[in-house]
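Single-structure report; data block below.
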Amino acid sequence: MEIPGYTNGWVAQRIHDDHVCPHANRMRIGEIDLNNPDYFMASPNVFSLAEEMGWYNSSNGELFVFYEVYGPKVNFYNTRREWRGLSIVAPSLSLDPDAERFPFSIKPDKKISVQDIMAIHRDTYEGTKFDITENPAFYVTDENGNKVKSPIATPYGTKHHGLESELWDLLGIKSERCISQARVGFSFVNQLRDWLPDDIGGIMWYGNDCPETTCYIPIYAGATSISEEWIRCNPKRVDRGSAWWAFNLVNNLAFQSKYQLAIEDIRAVRDPLESDIFLHQHGIESVALSLYRKDPAAAQEFLTKHVHSAADKVLDAYWDLSDLLLYKYYAN
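This is how it looks when you write it as structure tokens:
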């Protein structure tokens, strides 16, 4: 569903069950067929408002393309991320990274997992020509006379929206807006499975701060609470009782230091934590389902304890990680 922020018109297009459709801060719905209500819906004024505003003229036979009428935005800030998301799930299409428009939705080359979506959230164009950290300006000469990537090479500019980092300016590096961003407040992947009771089949995999540096935790629809640390947040004062601060510190300590080294320290903590959660997911849900068949409230209590346990374990690990990064890269 797309709603232009400056109007009261809107449009919605159904995505095929076996397709994916990425959005990157611009409208992507094009031609619409309101005679096919299974796939298209729109506000009653979607056409009249466009004519009233002078954005569209039906009398000259002009084709109505929603994104051209209501949001004609073409910028690599947006298009590159769409290209990257589509290319990751369907490399067989060999999409042009410099194209202005891409298919509304595509069928992936293979089925996509929750972990695949997490990886897309974390993507920084690594392995492509758009990987900023491979810029020659980030390469230095080591003690043996070899050109090596500097440990300060980072795919991110500053955390302030719309500004490139002073480092990039100093090195003459052109900005490239990758999918993951250091300034992200949170990200999530919603997993919905209709063959299970809603309490068990619905999970929000939630991560604080930057997707690349975060660790996702499972929050089941049937959970009735989450640890207090995951609720409280005062961004103006460091708070050891706030989960947000643990992840924000880890991200900032990595971002502002030797990023190439720090990100490996983060992955060494993050990846085993997530792997362990996914490893036990089936077992947890099997127990929850057995409980649910007898007593849904008992299943909710079980899932709530699991959410608390997973969240607390990840949080403890990230506070330790923040201390490690602070000592390793700032204390010496």
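The C-terminal residue of the sequence shown carries number 1404 in our numbering, and the numbering is unbroken. Here a beta-carbon is modelled for each residue, glycine too, at the ideal position from N, C-alpha and C.
**OP:** Out of ASP1090, ILE1075, GLU1215, state which residue places its alpha-carbon closest to the alpha-carbon of ASP1083.
**Re:** Residue 1083 is actually Val in this sequence, not Asp. Among ASP1090, ILE1075, GLU1215, the Cα nearest to that of VAL1083 is on ILE1075.
Subject >> Within the stretch 1281-1354, ranges of the beta strand (DSSP E) (whole runs, at least 3 residues) >> reply: Within the stretch 1281-1354, the complete beta strand (DSSP E) runs of at least 3 residues are 1289-1292.
**OP:** Taking 7 angstroms as the cut-off, decide whether the C-beta atoms of ASP1343 and PHE1319 are in contact.
**Re:** no
**OP:** Would you kindly work out how many angstroms separate the C-alpha atoms of ASN1216 and ARG1156, rounded to a whole number?
**Re:** 36 angstroms
**OP:** Taking THR1213 as part of the beta strand (DSSP E), name the residues at either end of that continuous run.
**Re:** 1211-1213
Subject >> Proximity below 7 angstroms, CB of TYR1288 to CB of TRP1302 >> reply: no
**OP:** Please state whether DSSP places VAL1409 in a helix, a strand or coil.
**Re:** Outside the shown range of the chain, which is 1073 to 1404, sits residue 1409, and nothing can be said about it.
Subject >> Beta-carbon contacts of GLU1284 that lie in its chain and below 6 angstroms, excluding the five residues immediately before and after >> reply: Within the same chain, ARG1194, SER1252 come within 6 angstroms of GLU1284 by CB-CB distance, once the 5 residues on both sides are set aside.
Original post:
What three-state label does DSSP hand LEU1361 in the structure shown?
Top reply: LEU1361: helix per DSSP, three-state reduction.
Original post:
Can you give the Cα-Cα distance for ASN1207 and ILE1272, rounded to whole angstroms?
Top reply: 46 angstroms
**OP:** Might you give, ordered along the chain, the residues of its own chain that have their beta carbon closer than 7 angstroms to the beta carbon of LYS1221, omitting 5 neighbours on each side?
**Re:** Closer than 7 angstroms at the Cβ level, and outside the excluded window around LYS1221, lie THR1205, PHE1210, TYR1211, GLN1332.
Subject >> Beta-carbon proximity check, LEU1387 vs VAL1341, cutoff 7 angstroms >> reply: no
**OP:** Quick one: grab the DSSP three-state call for LEU1405.
**Re:** Since the first and last residues shown for the chain are 1073 and 1404, residue 1405 lies out of range.
Subject >> Neighbourhood of HIS1088 by C-beta, 7 angstroms cutoff - its chain only, sequence neighbours within 5 removed >> reply: Excluding five sequence positions before and after HIS1088, the CB atoms of its chain that fall closer than 7 angstroms to its own CB belong to SER1177, given in chain order.
**OP:** Measure the beta-carbon distance from GLY1294 to LEU1375 and round it to whole angstroms, keeping in mind my assumption that it falls under 8 angstroms.
**Re:** 5 angstroms
**OP:** Return the chain-ordered list of same chain residues with a C-beta closer than 7 angstroms to the C-beta of ASN1150, the five sequence neighbours on each side being excluded.
**Re:** ALA1096, ASN1097, ARG1098
**OP:** Locate the alpha helix (DSSP H) running through VAL1118, then write down its first and last residues.
**Re:** For VAL1118, the enclosing alpha helix (DSSP H) starts and ends at 1118-1124.
Original post:
LYS1308 and TYR1401: beta carbons closer than 7 angstroms?
Top reply: no
**OP:** Following the continuous alpha helix (DSSP H) through GLN1253, name the residue where it begins and the one where it ends.
**Re:** GLN1253 -> no alpha helix (DSSP H), and no H or E assigned at all.
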